[in-house]
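Same order as they appear, the protein sequences are chains A and B. Using the UniProt record's numbering, the first residue of the first sequence is number 1, and each one after it goes up by one. Using the UniProt record's numbering, the first residue of the second sequence is number 1, and each one after it goes up by one. We treat Cβ as the ideally placed atom computed from N, Cα and C, and that holds for glycine. Quick caveat: nothing in here was measured; it's all calculated off a predicted structure. Notes follow once the structure below has been shown.
Protein chains: 2
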Amino acid sequence: MNSNGDGPAQSRETGTLGKLMVLLDLVTHADAPLRFTDILALAGQPRGTLHRQLSHLVEEGLLELDGDGRYAPGLRLLDFAARSWARNEFRLIAEPHLADLQQATGETVHLGVLRGQSIIYLDKVEGRQPVRMYSQIGNASPCYCTGVGKAALSLLPAESLGDLIAGLSFTSFTASTHVSAETLLEEIREIADQGFAFDREEHEAGIRCVAAPVWSEDRTFIGGVSITGPAYRLSMELLRQWAVPVQLAAGRIMEGMRVRLGPRR
Amino acid sequence: MNSNGDGPAQSRETGTLGKLMVLLDLVTHADAPLRFTDILALAGQPRGTLHRQLSHLVEEGLLELDGDGRYAPGLRLLDFAARSWARNEFRLIAEPHLADLQQATGETVHLGVLRGQSIIYLDKVEGRQPVRMYSQIGNASPCYCTGVGKAALSLLPAESLGDLIAGLSFTSFTASTHVSAETLLEEIREIADQGFAFDREEHEAGIRCVAAPVWSEDRTFIGGVSITGPAYRLSMELLRQWAVPVQLAAGRIMEGMRVRLGPRR
DNA sequence: AATTAAGTTCCAAATAATGGAATAGCGATA
DNA sequence: TATCGCTATTCCATTATTTGGAACTTAATT
Numbered sequence: 001m002n003s004n005g006d007g008p009a010q011s012r013e014t015g016t017l018g019k020l021m022v023l024l025d026l027v028t029h030a031d032a033p034l035r036f037t038d039i040l041a042l043a044g045q046p047r048g049t050l051h052r053q054l055s056h057l058v059e060e061g062l063l064e065l066d067g068d069g070r071y072a073p074g075l076r077l078l079d080f081a082a083r084s085w086a087r088n089e090f091r092l093i094a095e096p097h098l099a100d101l102q103q104a105t106g107e108t109v110h111l112g113v114l115r116g117q118s119i120i121y122l123d124k125v126e127g128r129q130p131v132r133m134y135s136q137i138g139n140a141s142p143c144y145c146t147g148v149g150k151a152a153l154s155l156l157p158a159e160s161l162g163d164l165i166a167g168l169s170f171t172s173f174t175a176s177t178h179v180s181a182e183t184l185l186e187e188i189r190e191i192a193d194q195g196f197a198f199d200r201e202e203h204e205a206g207i208r209c210v211a212a213p214v215w216s217e218d219r220t221f222i223g224g225v226s227i228t229g230p231a232y233r234l235s236m237e238l239l240r241q242w243a244v245p246v247q248l249a250a251g252r253i254m255e256g257m258r259v260r261l262g263p264r265r
Numbered sequence: 001m002n003s004n005g006d007g008p009a010q011s012r013e014t015g016t017l018g019k020l021m022v023l024l025d026l027v028t029h030a031d032a033p034l035r036f037t038d039i040l041a042l043a044g045q046p047r048g049t050l051h052r053q054l055s056h057l058v059e060e061g062l063l064e065l066d067g068d069g070r071y072a073p074g075l076r077l078l079d080f081a082a083r084s085w086a087r088n089e090f091r092l093i094a095e096p097h098l099a100d101l102q103q104a105t106g107e108t109v110h111l112g113v114l115r116g117q118s119i120i121y122l123d124k125v126e127g128r129q130p131v132r133m134y135s136q137i138g139n140a141s142p143c144y145c146t147g148v149g150k151a152a153l154s155l156l157p158a159e160s161l162g163d164l165i166a167g168l169s170f171t172s173f174t175a176s177t178h179v180s181a182e183t184l185l186e187e188i189r190e191i192a193d194q195g196f197a198f199d200r201e202e203h204e205a206g207i208r209c210v211a212a213p214v215w216s217e218d219r220t221f222i223g224g225v226s227i228t229g230p231a232y233r234l235s236m237e238l239l240r241q242w243a244v245p246v247q248l249a250a251g252r253i254m255e256g257m258r259v260r261l262g263p264r265r
């Protein structure tokens, strides 16, 4: 009963680990540090069991327990993530092309990949203000209401796509958010035809984007590149024009992957 | 040979979880994705056991297995970290004071906290180029050769300090790196007296810094703020002058924590 | 002081992890 | 194409860990 819209995508209940990950999810998704009793209610586990599980997570640095008995995400997670990010080949190869795209348009550029039902943003290049770390990078967003997400979906074979969409539970973030599998599927087909996707203020009011699909040779990374900005500055006409440079950038990233990894595969 | 001095700090072998975390550590610390056999050699576990453990980690998105059978850190780690970072109160409170310090000096400012034997960088404010995400944030560095690290150590009570230092294994990163508990302990005492610490190119040749200790009321966060830069630009005299603004910034951060959290504790 | 709530510890029973061995997959070589 | 050698995967009786109800401690409240 702890499912909440875009929550944990997979969870085949991997024995002990799976149960612990559910707890980590609970704590990291909470708006504020949780007390033991709060988690007890959310997790629906016996007190003794829950207590030991939390203790183990704290001992490993995945959670932290402050002086008031409140559990917060542990900083060891940062270390893991920093390594994960620093060495990610897909991101490393995409980096210069994202920068070029940002230069060409002056707007914010994102790189994201599909993981389960979510898009995880791997990189972001912003124009004006110095980038606010982790502001977007690492964030998981729904696939059905983001440009990158829909671009990624358009790459899936019919069957996987059907399965994935069947498993979605739609949250209406704005008036334009898709709330039915039918209309979403219809747009995905259109995107597959034309080779790029729009986000027409579907995730956040006043924010539009145009995205193109990107994937790695071995399909480990299925995602997209996007240009994002405020609706008042980015007319739909302008976005339509930008579809071309976004697709070109996507193409260059894929070419980069082929050169870097292709020969050996 | 991928052990680099500041490896896994704790690990009380928390049953099943502990063993899995050792594997996660192995993979995230590796310079390149590892194949099954590589991990087999490093982990020293029976094949069957290792295989199932890795499968569980992959199922949970903590590791990823590419088409060539190579294991890399999983992107789910990014999502966890992004949440962990975004809501960290210590960082949120410190943020404006770090920015002020950067403005005042024009050099790079760091905020780090002690976790086990490592300093984990929570934030970074850089002057020139737009911040390269995760570049430093989240990174774990040794406590005995960084300004923030030594500042943090100077806050520990004698006994804990002794225990921690006794458990260190020193890696000589540069000619100036402390390589003995004695000289380190001596400098820590000096730092405790004067209230600030230098890094005299001890971690990276050509890089100096001055740091001041910061801690939260409940001692959950013990760390420091620092100004870092190239030795040719930052003379020791200049660093000595900057000790004052760094200590002031540290004081303001602690005051911020007191205001925000103090009343209720 | 009495009462309620919050957190911690205990231990027999249930469950999951272990690890040795057999099996399957895949390139390279003959 | 058959065979070898290496790598990865599956299987299952044994072993170790987790489970969860209950008792216990501690802190807050009336």
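If the criterion is Cβ atoms closer than 8 Å, does the pair residue i and residue j meet it?
i        : j        : result
A/Thr14  : B/Glu59  : yes
A/Val225 : A/Leu111 : yes
B/Ile222 : B/Leu155 : yes
B/Ala175 : B/Ala197 : no
B/Cys143 : B/Ser118 : yes
B/Leu34  : B/Arg70  : yes
A/Thr82  : B/Gly147 : Per the sequence shown, the amino acid found at residue 82 of chain A is Ala instead of Thr. It is not a contact, given that the beta carbons lie outside the stated cut-off.
A/Glu107 : A/Leu20  : no
From residue i to residue j, what distance separates their C-alpha atoms?
i        : j        : result
B/Glu190 : A/Leu78  : 31 Å
A/Pro230 : A/Asp163 : 33 Å
A/Leu168 : B/Ile165 : 51 Å
B/Pro245 : A/Leu75  : 27 Å
A/Leu184 : B/Glu64  : 29 Å
B/Glu187 : B/Ala151 : 10 Å
B/Leu91  : B/His56  : Per the sequence shown, the amino acid found at residue 91 of chain B is Arg instead of Leu. Looking at the two C-alpha atoms, the distance is approximately 33 Å.
A/Pro96  : B/Asp31  : 22 Å
A/Leu239 : A/Cys209 : 7 Å
B/Gln247 : B/Val214 : 9 Å
B/Gln136 : A/Ile227 : 26 Å
B/Ala104 : A/Asp193 : 54 Å
A/Gln241 : A/Glu201 : 18 Å
A/Ala181 : B/Phe80  : 28 Å
B/Asp218 : A/Arg115 : 38 Å
B/Leu62  : B/Glu237 : 47 Å
Counting only the same chain and skipping the five closest in sequence on each side, list residues whose C-beta sits under 8 Å from that of residue i.
i        : result
A/Tyr232 : Gly206
B/Ser172 : Val179
B/Asp66  : Pro33, Ala72
B/Phe36  : Leu50, His51, Leu54, Gly69, Tyr71
B/Ala43  : Val22, Leu23, Leu26, Leu50
A/Leu122 : Trp85, Asn88, Phe90, Arg91, Ala94, Leu111, Gly112, Val113, Ile137, Gly223
A/Glu204 : Phe173, Thr174
With H, G and I counted as helix, E and B as strand and the rest as coil, what does DSSP make of residue i?
i        : result
B/Val131 : In this prediction, B/Val131 scores a pLDDT of 45, lower than 50, which makes its location untrustworthy; no coordinate-derived value is stated.
A/Arg87  : coil
A/Trp207 : At residue 207 of chain A the sequence reads Ile, which differs from the Trp that was named. A/Ile207 falls in the strand class under three-state DSSP.
A/Gly162 : helix
B/Asp66  : coil
B/His97  : helix
A/Ala151 : helix
B/Leu114 : strand
A/Leu54  : helix
B/Arg35  : strand
B/Pro46  : coil
B/Ile191 : helix
A/Ile253 : helix
B/Phe198 : strand
A/Thr14  : coil
A/Val179 : coil
B/Ala30  : coil
B/Asn2   : Legend: pLDDT at B/Asn2 = 33, less than 50; position of this residue unreliable, value from coordinates given subsequently. If DSSP states are grouped into helix, strand and coil, B/Asn2 belongs with coil.
B/Pro157 : coil
B/Leu234 : coil
A/Thr105 : helix
Below 6 Å CB to CB, which residues in the same chain sit around residue i once its five sequence neighbours on both sides are set aside?
i        : result
A/Phe170 : Val179
B/Ala243 : Phe196, Val210
B/Val259 : none
A/Val125 : Leu98, Ala99, Gln102, Val109
A/Ser141 : Ile119
Who are the near neighbours of residue i in its chain, counting only those whose CB is closer than 7 Å to its CB and skipping five residues on each side?
i        : result
B/Leu40  : Arg47, Leu50
B/Ser216 : Phe90, Met257
**Prompt:** Okay, do the region 94 to 106 of chain B and the region 238 to 256 of chain B touch, 3+ Cβ pairs below 8 Å being the bar?
**Reply:** The answer is yes - the region 238 to 256 of chain B touches the region 94 to 106 of chain B, with three or more Cβ pairs under 8 Å.
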